[in-house]
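Worksheet: one structure, shown below.
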Amino acid sequence: MRNYALKLDDYNIDKRLYHELRYRCLRYPQMIEELAEIREGFNSVQEPMPIEQHAPGDPTATRAIKALKLVATVREIEKAALDADPRLYAYILANVTREATFEDLRPPCGRRQFFEARRRFYKNLADNVKIL
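Residues in the sequence shown are numbered consecutively from 904, following this note's numbering.
See the structure below:
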């Protein structure tokens, strides 16, 4: 499958910014997995480590901060998709996070409408992450 860069000049998004946003979206499934692991870790009982093996700092706080950052990024992506077109939210999310093709997704709209919604998604995402 060949990847084509979207034409986002109308939204003041250049090629480099598009790639930055695209790769942020491609990390979405990985971020969801990391969040699940962190949440699972908070619920598990762990054996206390001997004092000499403790790392400096608060590991629980470190994991909590990482979880907050991941949640914020996941919400930015989901909000951008929802704002682009609520009816196509799931289709846009699948397209930008898993690279599912238009043909595989079969959204309830035409190709032009879908790709216009996807362009709005990238504009919304750029606005949400305060890059523009």
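Don't be surprised by glycine CBs; every beta carbon is placed ideally from N, CA and C.
Sequence-distant residues of its chain with Cβ nearer than 7 Å to residue i (five each side left out)
i: G944; result: R966
i: M1020; result: Per the sequence shown, the amino acid found at residue 1020 is Ala instead of Met. Here the set comprises A987, D988, L991, I995.
i: K969; result: I941
Three-way DSSP call (helix, strand, coil) for residue i in this model
i: C1120; result: Outside the displayed span of the chain (904 to 1035) sits residue 1120, for which this structure offers no information.
i: D917; result: coil
i: R1009; result: coil
i: D986; result: helix
i: V974; result: helix
i: G944; result: helix
i: T1004; result: coil
i: L911; result: coil
Chain-order list of residues whose beta-carbon lies under 6 Å from that of residue i (same chain, five-residue window excluded)
i: V999; result: C928
i: P1010; result: L991, Y994, F1017
8 Å Cβ shell around residue i - same chain, five flanking residues per side excluded
i: P932; result: T1000, R1001
i: A997; result: A1003, L1008
Run of the alpha helix (DSSP H) containing residue i, from where it starts to where it stops
i: T1000; result: 992-1001
i: D961; result: Here D961 belongs to no alpha helix (DSSP H), and DSSP marks it neither H nor E.
8 Å contact criterion, which residue i and residue j should meet: CB distance rounded
i: L1028; j: A983; result: 4 Å
i: V974; j: I935; result: Not quite, the Cβ-Cβ distance comes to about 10 Å (not below 8 Å), so this is no contact.
i: R1015; j: F1005; result: Wrong, their Cβ atoms sit about 10 Å apart, outside the cutoff.
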